[in-house]
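Participant: If you read the sequences in order, they're chains Y and X.
Under full-length UniProt numbering, the first residue of the first sequence is numbered 1, with each subsequent residue one higher.
Under full-length UniProt numbering, the first residue of the second sequence is numbered 1, with each subsequent residue one higher.
Protein chains: 2
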Amino acid sequence: MSKCEQCIIRQLNSIKHLSREELVKMTNCKTSRVVKKGEAIFEEGERLKGIFCIKEGVCKVSKMSENGRNQIISLVTRGDLLGERSLISDEASNLKAVALNDMQVCFIPKEEILKDLSKNPNFTMSVLKDMAQTLKQADNVIVDMAQKTVKQRLAETLLKLLDKFGTNAENTIDIHLSREDIANIIGTATESAIRLLSDFKKKKIIEFKGKDISILDRNELDKIAQGF
Amino acid sequence: MSKCEQCIIRQLNSIKHLSREELVKMTNCKTSRVVKKGEAIFEEGERLKGIFCIKEGVCKVSKMSENGRNQIISLVTRGDLLGERSLISDEASNLKAVALNDMQVCFIPKEEILKDLSKNPNFTMSVLKDMAQTLKQADNVIVDMAQKTVKQRLAETLLKLLDKFGTNAENTIDIHLSREDIANIIGTATESAIRLLSDFKKKKIIEFKGKDISILDRNELDKIAQGF
DNA sequence: CGGTATCTTGATTGGTATCAACTTAAGTGG
DNA sequence: CCACTTAAGTTGATACCAATCAAGATACCG
Numbered sequence: 001m002s003k004c005e006q007c008i009i010r011q012l013n014s015i016k017h018l019s020r021e022e023l024v025k026m027t028n029c030k031t032s033r034v035v036k037k038g039e040a041i042f043e044e045g046e047r048l049k050g051i052f053c054i055k056e057g058v059c060k061v062s063k064m065s066e067n068g069r070n071q072i073i074s075l076v077t078r079g080d081l082l083g084e085r086s087l088i089s090d091e092a093s094n095l096k097a098v099a100l101n102d103m104q105v106c107f108i109p110k111e112e113i114l115k116d117l118s119k120n121p122n123f124t125m126s127v128l129k130d131m132a133q134t135l136k137q138a139d140n141v142i143v144d145m146a147q148k149t150v151k152q153r154l155a156e157t158l159l160k161l162l163d164k165f166g167t168n169a170e171n172t173i174d175i176h177l178s179r180e181d182i183a184n185i186i187g188t189a190t191e192s193a194i195r196l197l198s199d200f201k202k203k204k205i206i207e208f209k210g211k212d213i214s215i216l217d218r219n220e221l222d223k224i225a226q227g228f
Numbered sequence: 001m002s003k004c005e006q007c008i009i010r011q012l013n014s015i016k017h018l019s020r021e022e023l024v025k026m027t028n029c030k031t032s033r034v035v036k037k038g039e040a041i042f043e044e045g046e047r048l049k050g051i052f053c054i055k056e057g058v059c060k061v062s063k064m065s066e067n068g069r070n071q072i073i074s075l076v077t078r079g080d081l082l083g084e085r086s087l088i089s090d091e092a093s094n095l096k097a098v099a100l101n102d103m104q105v106c107f108i109p110k111e112e113i114l115k116d117l118s119k120n121p122n123f124t125m126s127v128l129k130d131m132a133q134t135l136k137q138a139d140n141v142i143v144d145m146a147q148k149t150v151k152q153r154l155a156e157t158l159l160k161l162l163d164k165f166g167t168n169a170e171n172t173i174d175i176h177l178s179r180e181d182i183a184n185i186i187g188t189a190t191e192s193a194i195r196l197l198s199d200f201k202k203k204k205i206i207e208f209k210g211k212d213i214s215i216l217d218r219n220e221l222d223k224i225a226q227g228f
């Protein structure tokens, strides 16, 4: 079993504030797990027994709306923690997490995390800061959803994806999302997203390589996102 | 100066987890302030030097969108804390808070709160729980904004307002919001909100007493909110 | 009492959802 | 290797919803 003390991923999140001693304990109680593309890490309504630390891969975190459509709330990647909130508020998860590609995640049992939270103020403060940050972003998303058009949101989403995942050898955004996934991020019907993507392509703002998207005119996307 | 130890409001939020000693210190450094209706407690972009504890009254917390419209993110009332997030993430506030009626608020300096956070795990944990809860609600709002129609959102908002503020002697929702405020909560143009309110009135789901709203058929609003 | 803000309604335009049909891509089993 | 199945992507036509502009009504305030 690989040791948390030696894990590089740890440096990327709040776990970096744990002491050597705490890390040793964590190594002893954590379990590793491989999650295949498309597989769920947890379901909406499930009671989580711990949190997940993403070692490799990306997953979409989503929530079902009352009308039966799926809304993707965030994309969680290498170095992120997943499930702290449900654990802290001690409620069933309100979200579902599904792997977008093959993943490696570590599972850390609830008791261990709660113990660390109660004994290590630096750790707690770090989690608190993360959460404050997430909340701020959530506010921004609310404003965008409430006041921007689908076209603006699509442009913005493409830019965010580019910044978060960068580009691969073919110059396409280095994460494969289906058209439906994209629609579920911006909160629209799949056909609408497709139509707008198609518009962007005609205007040479983006192009397709296979199904993947390559951004040609970042500047123009910026303008569209801001409403021109 | 009134004493935090004896303040009833304290029981309503995380401050209840502070020790007697900590409360005495807080009494000595806090300041009280009256905020008139329409006045701002703080502005977007302002660097807060502490947090606010709402003793009396209600304020709207909002954010300007890039297209120049105002989105109300939440309504903060008696017993709530305000400004913890900016303080924790140590950034300028991303939000603006404006009084909806005359308010009494206490201001607690940053240093005092940070000291309590670093020394009292119960307090920190309580703040953390609050924030996890807020984040969960934010997720719900995102889904609603992304996927519900304006009509659904209006119905939902009316129900939430009713639950949060109750009714007064005239059986109207016990908080006065302008039509514009309502529109800014549901994220639509003022005229659209007015039109839909007018529809609801015609269908005898609500009625107006002056400008205030009285809910006649809660059941019907529930149905509309869920998409029928 | 005039001026201003808020509220209200109508007409028009544009954006988005929905339904339906078709294409392409990716398996799967004979 | 081909025929079949299924999922994903694409496009057009239509109808509905909501934003915007314009104009009038009502309440509020100095």
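Yeah, the Cβ is synthetic: ideal placement off N, Cα and C, and Gly gets one too.
Report buried or exposed for Gln-137 (chain X), applying the criterion of at least 16 other Cβ atoms within 10 angstroms of its Cβ.
Facilitator: In the second sequence, counting from the first residue as 1, residue 137 (chain X) sits at position 137. Under this definition Gln-137 (chain X) is an exposed residue.
Participant: So, does the region 220-228 of chain Y touch the region 97-113 of chain X, judging by three or more C-beta pairs under 8 Å?
Facilitator: Counting Cβ pairs under 8 Å, fewer than three are found: no touch.
Participant: When the cut-off is 7 Å and only beta carbons count, does Glu-66 (chain X) lie next to chain Y?
Facilitator: Within the second sequence, residue 66 (chain X) is the residue found at index 66, counting from 1. Closer than 7 Å: yes.
Participant: What separation, rounded to the nearest whole angstrom, lies between the Cα atoms of Phe-228 (chain X) and Lys-202 (chain X)?
Facilitator: Position 228 of the second sequence, counting from 1, holds the residue named residue 228 (chain X). Position 202 of the second sequence, counting from 1, holds the residue named residue 202 (chain X). If you take the alpha carbons of Phe-228 (chain X) and Lys-202 (chain X), they lie about 17 Å apart.
Participant: Give the DSSP-derived three-state secondary structure of Arg-85 (chain X) in the structure shown.
Facilitator: Sequence index remark: in the second sequence, residue 85 (chain X) carries index 85 (1-based). Note: Arg-85 (chain X) maps to helix in three-state DSSP.
Participant: Within 10 Å of its beta-carbon, does Lys-96 (chain X) have 16 or more other beta-carbons around it, so buried, or fewer, so exposed?
Facilitator: Here the question's residue 96 (chain X) lines up with position 96 in the second sequence. Burial call: buried.
Participant: Starting from Phe-42 (chain Y), trace the beta strand (DSSP E) both ways and give me its first and last residue.
Facilitator: Here residue 42 (chain Y) refers to the residue found at position 42 when the first sequence is read from its first residue. It spans 40-42 - the beta strand (DSSP E) in which Phe-42 (chain Y) sits, taken as one unbroken run.
Participant: Give the straight-line distance between the Cα atoms of Val-24 (chain X) and Gln-6 (chain X), rounded to the nearest whole angstrom.
Facilitator: The count along the second sequence starts at 1 and reaches residue 24 (chain X) at position 24. The count along the second sequence starts at 1 and reaches residue 6 (chain X) at position 6. Looking at the two C-alpha atoms, the distance is approximately 10 Å.
Participant: With DSSP collapsed to three states, give me the class of Glu-56 (chain X).
Facilitator: Stepping through the second sequence from its first residue, residue 56 (chain X) is reached at position 56. The answer is strand: DSSP assigns Glu-56 (chain X) an E or B state.
Participant: Buried or exposed, going by whether 16 or more other CB atoms sit within 10 Å of the CB of Phe-42 (chain Y)?
Facilitator: Within the first sequence, residue 42 (chain Y) is the residue found at index 42, counting from 1. The residue is buried, with at least 16 neighbouring Cβ atoms inside 10 Å.
Participant: Apply the 10 Å Cβ neighbour rule to Asn-184 (chain Y) and answer buried if 16 or more other Cβ atoms are within range, or exposed otherwise.
Facilitator: The count along the first sequence starts at 1 and reaches residue 184 (chain Y) at position 184. Buried: at least 16 other Cβ atoms inside 10 Å.
Participant: If you draw a straight line from the C-alpha of Leu-216 (chain X) to the C-alpha of Ile-205 (chain X), how long is it?
Facilitator: Here residue 216 (chain X) is taken as the residue at index 216 of the second sequence, counted from 1. Here residue 205 (chain X) is taken as the residue at index 205 of the second sequence, counted from 1. Looking at the two C-alpha atoms, the distance is approximately 5 Å.
Participant: Give the interface partners of Ser-19 (chain X) over in chain Y, defined as CB-CB distance under 7 Å, in chain order.
Facilitator: Counting from one through the second sequence, the residue named residue 19 (chain X) turns up at place 19. Correct list: empty, because the minimum Cβ distance to chain Y is about 16 Å.
Participant: Counting only runs of 4+ residues fully inside the region 61-147 of chain Y, write out the alpha helix (DSSP H) ranges in chain order.
Facilitator: Runs found: 84-89, 110-119, 121-147.
Participant: Run through chain X and tell me which residues come within less than 7 Å of Asn-94 (chain Y), C-beta to C-beta.
Facilitator: One-based indexing of the first sequence puts residue 94 (chain Y) at position 94. The answer, in chain order, is Lys-136, Asp-139.
Participant: Tell me the DSSP bridge mates of Lys-209 (chain X)?
Facilitator: By 1-based counting over the second sequence, the position of residue 209 (chain X) is 209. Lys-209 (chain X) is bridged to X:Asp-212.
Participant: Is the beta carbon of Thr-172 (chain X) less than 7 Å from the beta carbon of Ser-214 (chain X)?
Facilitator: For the purposes of this step, residue 172 (chain X) is taken as the residue at position 172 of the second sequence. For the purposes of this step, residue 214 (chain X) is taken as the residue at position 214 of the second sequence. Closer than 7 Å, so yes.
Participant: Taking its Cβ as the centre, do 16 or more other Cβ atoms sit within 10 Å of Gln-152 (chain Y), making it buried, or is it exposed?
Facilitator: The residue labelled residue 152 (chain Y) in the question sits at position 152 within the first sequence. It is buried - the Cβ of Gln-152 (chain Y) has at least 16 other Cβ atoms within 10 Å.
Participant: Express the C-alpha separation of Arg-78 (chain Y) and Leu-100 (chain Y) in angstroms, rounding to a whole number.
Facilitator: In the first sequence, residue 100 (chain Y) corresponds to position 100, counting from 1. In the first sequence, residue 78 (chain Y) corresponds to position 78, counting from 1. Near 12 Å, if we compare the C-alpha coordinates of Arg-78 (chain Y) and Leu-100 (chain Y).
Participant: Should residue 249 (chain X) go down as buried or exposed, given a rule of 16 or more other Cβ atoms within 10 Å for buried?
Facilitator: What is shown of chain X runs 1 to 228, which leaves residue 249 (chain X) out entirely.
Participant: What does Ala-146 (chain X) reach in chain Y if we use C-beta pairs closer than 7 Å?
Facilitator: Position 146 of the second sequence, counting from 1, holds the residue named residue 146 (chain X). Residues of chain Y passing the Cβ test: Gln-71, Met-145, Gly-187.
Participant: Report the start-end ranges of each alpha helix (DSSP H) in the UniProt domain "HTH crp-type" (148-219) of chain Y that is 4 residues or longer and not cut off at the edges.
Facilitator: Complete alpha helix (DSSP H) runs here, min 4: 150-165, 179-186, 190-202.
Participant: Are the CB atoms of Ile-142 (chain X) and Ile-51 (chain X) nearer to each other than 7 Å?
Facilitator: If you number the second sequence from 1, residue 142 (chain X) lands on position 142. If you number the second sequence from 1, residue 51 (chain X) lands on position 51. No.
Participant: So, does the region 9-27 of chain X touch the region 115-129 of chain X, judging by three or more C-beta pairs under 8 Å?
Facilitator: Short answer: they touch.
Participant: Check the DSSP bridge columns for Ser-32 (chain X) and list the partner residues they point to.
Facilitator: Along the second sequence, read from residue 1 onward, the residue named residue 32 (chain X) stands at position 32. Ser-32 (chain X) pairs with X:Cys-106.
Participant: Pull up the distance between the alpha-carbon of Ala-40 (chain X) and that of Asp-181 (chain Y), whole angstroms please.
Facilitator: Numbered from its first residue, the second sequence carries residue 40 (chain X) at position 40. Numbered from its first residue, the first sequence carries residue 181 (chain Y) at position 181. Roughly 40 Å separates the two Cα atoms.
Participant: Compute the distance between the beta-carbons of Met-73 (chain X) and Lys-63 (chain X), then report whether it is under 7 Å.
Facilitator: Here residue 73 (chain X) refers to the residue found at position 73 when the second sequence is read from its first residue. Here residue 63 (chain X) refers to the residue found at position 63 when the second sequence is read from its first residue. For clarity, residue 73 (chain X) is Ile in the given sequence; the question names Met instead. Yes, these two residues count as a Cβ contact at 7 Å.
Participant: Helix, strand or coil for Ile-51 (chain X) per DSSP?
Facilitator: In the second sequence, residue 51 (chain X) corresponds to position 51, counting from 1. Strand at Ile-51 (chain X).
Participant: Kindly list the residues whose CB is nearer than 7 Å to the CB of Thr-188 (chain X), restricted to its own chain and excluding five residues on each side of it in sequence; keep chain order.
Facilitator: Residue mapping note: residue 188 (chain X) aligns to position 188 of the second sequence, counting from 1. Here the set comprises Val-150.
Participant: Cys-59 (chain Y): beta carbon under 6 Å from a heavy atom of the ligand MN?
Facilitator: As presented, the structure is devoid of all ligands, the ligand MN included, so that no description of it is given.
Participant: Restricting to Cα atoms, I'd like to know which of X:Val-127, X:Glu-56, X:Asn-13, X:Arg-47 is closest to Val-34 (chain X).
Facilitator: Against the second sequence, residue 34 (chain X) aligns to sequence position 34. Per the Cα distances, X:Glu-56.
Participant: My assumption, with CB atoms under 8 Å, is that Gly-45 (chain Y) sits in contact with Val-98 (chain Y). Please give the rounded CB distance.
Facilitator: The residue you call residue 45 (chain Y) lines up with position 45 of the first sequence. The residue you call residue 98 (chain Y) lines up with position 98 of the first sequence. So it is not a contact: roughly 14 Å between Cβ atoms.
Participant: Would the beta-carbon of Ala-146 (chain X) fall within 7 Å of that of Met-145 (chain Y)?
Facilitator: Position 146 of the second sequence, counted from the start, is the residue given in the question as residue 146 (chain X). Position 145 of the first sequence, counted from the start, is the residue given in the question as residue 145 (chain Y). Cβ distance < 7 Å, so Ala-146 (chain X) and Met-145 (chain Y) count as in contact.
Participant: Could you tell me whether the Cβ of Ser-192 (chain Y) comes closer than 7 Å to any Cβ of chain X?
Facilitator: Here the question's residue 192 (chain Y) lines up with position 192 in the first sequence. Taking Cβ atoms only, chain X never reaches closer than 7 Å to Ser-192 (chain Y), which makes this a no.
Participant: What is the DSSP secondary structure of Glu-46 (chain X), counted as helix, strand or coil?
Facilitator: The count along the second sequence starts at 1 and reaches residue 46 (chain X) at position 46. Glu-46 (chain X): coil per DSSP, three-state reduction.
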